[in-house]
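Worksheet: one structure, shown below.
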Amino acid sequence: MIYPIVLKVNSGFLSELHHCEYGRYEDAELARKAGDTDLIKANGYELVACDFLDKFKTQIQIGNKEELCELYYALASGTIGLYHCQAANNLLDKIRPTVKEVNPELVLQWPHQSGL
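Numbering (this note's numbering), first residue to last: 10 to 125.
Rendered as structure tokens:
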């Protein structure tokens, strides 16, 4: 896979995705500031979607496999499906084959947006 992967998105969708994932980001930041490595590792706070979502207004740029898997997790498991289920599923469809190559367990756990 060649990075970066660039996904074009609507600015409203991107803003809503960021808002939906912000609570996880806040939890991650608290754990990071506290230096709680056990909590960081247990909850996957090494990288969260809000760490890279707000770089651009109408695109998501994925720089590595960790960002790819975190985006997939945010789209499949998050509350974005309550607001933009179709857009989330469209992005999942685009990145699922690549995610399946690097982390097949993630795709098995979250085959589709949880809002379905």
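Backbone N, C-alpha and C define an ideal beta-carbon position, used for all residues, glycine too.
- If you check the beta carbons only, do alanine 40 and tyrosine 54 fall under 8 Å apart? yes
- Beta bridge counterpart(s) of glutamine 70 as assigned by DSSP: Val15
- Message: To the nearest angstrom, how far is the alpha carbon of cysteine 78 from that of valine 108?
- Response: 6 Å
- If you run the structure through DSSP and keep just helix, strand and coil, what is glycine 65? The sequence given here places phenylalanine at residue 65; glycine does not occur at that position. Reduced to three states, the DSSP call for phenylalanine 65 is coil.
- Message: Looking at the secondary structure, which residues open and close the alpha helix (DSSP H) in which glycine 21 lies?
- Response: 20 to 43
- Message: Starting from valine 108, trace the alpha helix (DSSP H) in both directions and tell me its first and last residue.
- Response: 89 to 111
- Between the CA atoms of threonine 88 and aspartate 102 - distance to the nearest angstrom: 18 Å
- Extent of the continuous alpha helix (DSSP H) run through alanine 58: Taken as a continuous stretch (DSSP letters only), alanine 58 belongs to no alpha helix (DSSP H), as it is neither H nor E.
- Using three-state DSSP, classify glutamine 122 as helix, strand or coil. coil
- Message: Using C-beta distances below 6 Å, list every residue in its chain close to lysine 66, excluding the 5 sequence neighbours before and after it, in chain order.
- Response: Ser20
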